[in-house]
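The working numbering numbers the first residue of the sequence shown as 545 and each following residue consecutively.
Here a beta-carbon is modelled for each residue, glycine too, at the ideal position from N, C-alpha and C.
As the structure is a prediction and not an experimental result, all values here were calculated from the model.
A quick write-up on the structure given underneath.
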Amino acid sequence: MTMKFGVMVPQGWRMDLADIPDPVQAYEAMTSVAQEAEALGFDSIWLFDHFHTIPVPSQEVTFECWTSTAALARDTKRVR
545 MTMKFGVMVP QGWRMDLADI PDPVQAYEAM TSVAQEAEAL GFDSIWLFDH
595 FHTIPVPSQE VTFECWTSTA ALARDTKRVR
């Protein structure tokens with residue numbers, strides 16, 4: 545048995561992309577973290593399956609989980 549490690553990718557839910565007003569740049573930031581996690585040897589990347597931000601609802605960029613997961617699969621090769 546081996547231990548595997550994953551990392552949460554910023555997707556806006558925790559206001560982690562709030563300082564990036566352009567959605568394209570926010571997606572590129574999310575992709576960059578996923579690709580860096582893969583390069584560092586992480587086994588998986590994770591996204592929240594929520595449609596609102598915390599601690600309070602806002603109009604910040606928040607990427608939907610399943611579509612983002614599919615897009616990140618295109619942009620990475622090994623992480624799951």
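Open item on the list: I'd like to check one pair, T606 with Q569: are the Cβ atoms closer than 9 Å?
Closed with: no
Task: DSSP-derived helix/strand/coil call for M574 - done: helix
Task: Contacts around S588, its chain only, beta-carbon distance under 6 Å, and the 5 residues preceding and following it disregarded - done: G550, V623 and R624
Open item on the list: Quick check: the Cα distance between I598 and A581, rounded to an integer number of angstroms?
Closed with: Pairing I598 with A581, the inter-Cα distance amounts to about 24 Å.
TODO: Output the residue ranges of the beta strand (DSSP E) runs that lie fully inside the segment 579 to 613 and measure 3 residues or longer, sorted by chain position.
DONE: 588 to 590
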